[in-house]
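Report on the structure given below.
In the numbering used here, the protein residues as written are 5 to 253.
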């Protein structure tokens, strides 16, 4: 009976609400149905519901303080459902954990990371912390910093990077590629370089860009600078003689 009602509710709300709202409503209805079923069974066996409710009230006062966290998570879950900062299937980063939203429940959000971990994050944590939605928008910019030696012609390097951006498959022409000087490093001139692409392709796009830059720089003899330390050997110094003056008393 419960399954039949749940199927009816699922068909009723399907395509009318977001996926997480459908899941939340279906689970809430399921819990209510099971609660009603338990009450009906107890009533059939002659248990006095009023007495049970009275006992439940006493126990409710006793565990009220212990359930504050759960209540806070439920309220936070309602805010998450209504505000919709992320949806089921979105890729998010929270507290250093990057993964796909697997479910949004009354008490917690389930996150599946790319290295196969399954993380349960309380809703209150999701509300109180910064959450980065990686897939919120349809396009993203794949970017990184290119460091070249000071002896290189920076304007020429930027022209080459612009050419690479225009020839890379999957890169969007609009918005325009990112090309700007980052800073003068200890051993290199650092250039911000990036192109816009579809969100689903951003990781592979960054890989292809880096490979293209390395291959082109090798071909044109452009040095990709890296931090290094130069050690100069000098003459061996003689031992230092230390003299002390002592006076007899």
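Ideal Cβ positions, reconstructed from N, Cα and C, are used throughout, including at glycine.
Selection 37, 174, 227, 77 evaluated against residue 156 yields 227 as nearest (Cα-Cα).
Not a single unbroken stretch of the alpha helix (DSSP H) spanning 4 or more residues falls wholly within the segment 166-191. A residue is called buried when at least 16 other Cβ atoms come within 10 angstroms of its Cβ; residue 45 does not meet this threshold and is exposed. A distance below 7 Å between beta-carbons, with the five flanking residues on each side excluded, links residue 101 to the following residues of its chain, in chain order: 115, 117, 123. Within the segment 122-151, the runs of beta strand (DSSP E) at least 3 residues long that lie entirely inside it are, in chain order, 122-126, 135-137. For residue 128, the CB contacts under 8 Å within the same chain, skipping 5 residues up- and downstream, are 73, 76, 77, 80 in chain order. In terms of Cα proximity to residue 225, the closest of 199, 174, 203, 152 is 152. Residue burial annotation: residue 136 is exposed, with fewer than 16 other C-beta atoms found within 10 angstroms of its C-beta. Listed in chain order, the non-local C-beta contacts of residue 181 below 6 Å within the same chain comprise 169, 199, local neighbours out to five positions each way being set aside.
Boundaries for residue 213: no beta strand (DSSP E) harbours it, while the alpha helix (DSSP H) harbouring it runs 206-224, taken from the DSSP string. DSSP places residue 100 outside both helix and strand once states are collapsed to three, so it counts as coil.
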